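Here's the structure we're looking at; comments come further down.
Numbering (the working numbering), first residue to last: 147 to 485.
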C-alpha cells in the first residue's frame, strides 16, 4: 500500500541507513523502490550524487509486481560531510532543514557514542503534540506504519481502529489549535502588537479556543474559507477584518506556509557501534533501529532521531587488572618483608 501510494506520486519508497563507525565515519546507504524506472532528482527524499556507488536492479515483490530498485552507498568522513550534502540538496525535501550530529566520550572502561539526525520545526507558535495525546497515543502517533497497520488488521482490530479514530480526532484538534496560534503570532508580529479593539497578542490568545471552534465547525471547507478570509471575518468581526485585512491576509499566508509542509516521507535506520544503551527509535524485524520520517513529526517541535551506545575498552580492563595485580603483589611483599 505504501509503495503504491509513493509510486503514484513518482516518489520512491525510500529507506536510508546510517552505519555509524567508532571513528566517527558513517557508511550511508539509500534504497529506493518504484513501480517505474523513474528516480528524478526532484522526487528524491534524500540527496546523493555521482560520488556514491550506485546500482540498479529489478525485483519481484510478494504481490508479483516488478519493482525497480536503486541503491546508493557512500562512506562519509563524518557528520559535517553529511550536513554539507543536506545543504546542497535539490530534491523533494530541499526546503526542510536537516542535519546530523555525532559525539564520542571516553569513560576509561567504556567509550560512549551518540548519533542523531535532526529536523528543524516548521511552526513558531504551534503546540507540542504531547499536549494533546496520552503516552500510549504518542507511541501510536510516532510508530511506523507497518506496526500500526499490523494491529489495525490483526485479531484485535476493532479495538485498535477505535483507538486510532480517537488519536485522529485529537490530532485534528492539535492541527487546528496550532494553525490558529500560528496565525495569531504572525498577525500580532505584523501589527507590532499595537492593534487596538482587542487585536493585541494577549487578547487574541484568550480567544484562541473561540477561533479554533470556528475553524472546526467549518472543517469540511477549511482550505477555501481560510484562503478567502471568511473565517477571519467571523472571528474578528466585519470592521476589524476590513481594517486589518492586509495583516490578516499576510498572517494567513505565513501560517498556511508553515502548516502545509511539502514533504516526501521516508524511513531512517541506524546501526551503532557496540551495545545500544538508549534510543527513541523502533526496532525492526532484524533488530535494526528505525524511525518513520513524516512532516507531522517536525511540524511544531524539532524532530530528533537519536541512538546511543557504548563499546568496552578491553585494553583499559587489562591495564586496570595488571595495576591491581601489581598493587596486590606489592602489599604482599611488604607484609612478608616486615614479617
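Ideal Cβ placement from N, Cα and C applies to all residues, glycine included.
Owing to the predicted nature of the structure, the values given are computational and were not obtained by experimental measurement.
Query, Result
"Quick one: residues in its chain with C-beta nearer than 7 Å to the C-beta of residue 409, no 5 flanking neighbours on either side, listed in chain order?", "239, 242 and 441"
"Compute the beta-carbon to beta-carbon distance between residue 162 and residue 261, rounded to the nearest angstrom, for a pair I have assumed lies under 8 Å.", "With 8 Å as the limit, residue 162 and residue 261 do not qualify as a contact, their Cβ atoms being about 13 Å apart."
"Would you tell me roughly how many angstroms separate the C-alpha atoms of residue 382 and residue 336, rounded to the nearest one?", "16 Å"
"On the DSSP bridge assignment, give the partners of residue 330 in chain order.", "DSSP lists no partner for residue 330."
"Straight-line CA distance for residue 190 to residue 384?", "46 Å"
"Reducing DSSP to helix, strand and coil, say where residue 389 ends up.", "helix"
"My understanding is that residue 446 touches residue 267, with C-beta atoms under 8 Å, so please give their C-beta distance in whole angstroms.", "6 Å"
"Which ranges does the beta strand (DSSP E) cover as unbroken runs of at least 3 residues, wholly within the segment 175-257, from first to last along the chain?", "199-206, 212-222 and 244-252"
"Does residue 336 come out as helix, strand or coil in the three-state DSSP assignment?", "helix"
"From residue 159 to residue 208, what distance separates their C-alpha atoms?", "16 Å"
"When DSSP labels each residue in this structure, what does residue 263 get in the three-state scheme?", "strand"
"List the endpoints of the continuous alpha helix (DSSP H) containing residue 361.", "354-363"
"Output the boundary residues of the alpha helix (DSSP H) element that contains residue 287.", "281-288"
"Mind checking which residues open and close the alpha helix (DSSP H) that includes residue 445?", "First-last for residue 445: undefined, no H or E at that position."
"Note down, in chain order, each residue of its chain lying with its Cβ closer than 8 Å to the Cβ of residue 224, except the 5 sequence neighbours on either side.", "170, 171, 172 and 248"
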